[in-house]
Amino acid sequence: TAIAFADAEYPARVAFGYLSKLCEDFIQVTSGNFSASTDDNCMDGAFQSSHSKLLTQFQDPAQADQLTRIMAELEETKLVLHETIEAALERGQKIDDLVTKSNDLSGSSKMFFKTAKKQNQCCSYM
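Read in order, the letters of the sequence shown are residues 927 to 1052 in the numbering used here.
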């Protein structure tokens, strides 16, 4: 049995993974036997160093748990994808605006051509 205290931001899955690994390491190093001493830090050096490495490893939940790391990468990818989609939609809107302006310009140039043609009909060169 093991207990861990963590703040609300630390993922529960990672905390339980830490406790599980801690129990495994304890049993492996000490064969499941506690020290007879009642002093603080009475565990043998092998477990102390193993526990220190474990604490260091689990300081960053993304490094300690592969699922957490994958979820973080997925979230980053999702953000980039949303930005790309928004940029594509903006480009599409700009293209639609350009097409509208081009059609307006085309209509204006046709009207100018018709007006110019009418104006030139009255003046014929001989």
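We put the CB at the ideal spot given by N, CA and C, even for glycine.
Please return the same chain residues whose Cβ sits closer than 8 angstroms to the Cβ of residue i, not counting the five positions on each side in sequence.
i, result
"VAL940", "PHE984, PRO987, ALA990, ASP991, THR994"
"TYR944", "ALA930, LEU980, PHE984, ALA990"
"PHE973", "ASP951, PHE952, VAL955, THR956"
"TYR936", "PRO987"
"ALA998", "ALA988"
Measuring only between beta-carbons, confirm whether residue i sits less than 8 angstroms from chain B.
i, result
"LYS1020", "Included in the structure is just one protein chain, with no chain B present."
Looking only at its own chain, which residues have a Cβ that is under 7 angstroms from the Cβ of residue i, when we skip the five neighbours before and after it?
i, result
"LYS947", "LEU980"
Assuming residue i and residue j are in contact, meaning their beta carbons sit under 8 angstroms apart, how far apart are those beta carbons, in whole angstroms?
i, j, result
"ALA911", "CYS949", "With the chain represented from 927 up to 1052, any question about residue 911 goes unanswered, as that position is not in the structure."
Ranges of the alpha helix (DSSP H) found wholly within the segment 971 to 1042, counting only runs of at least 4: Within the segment 971 to 1042, the complete alpha helix (DSSP H) runs of at least 4 residues are 971 to 983, 987 to 990.
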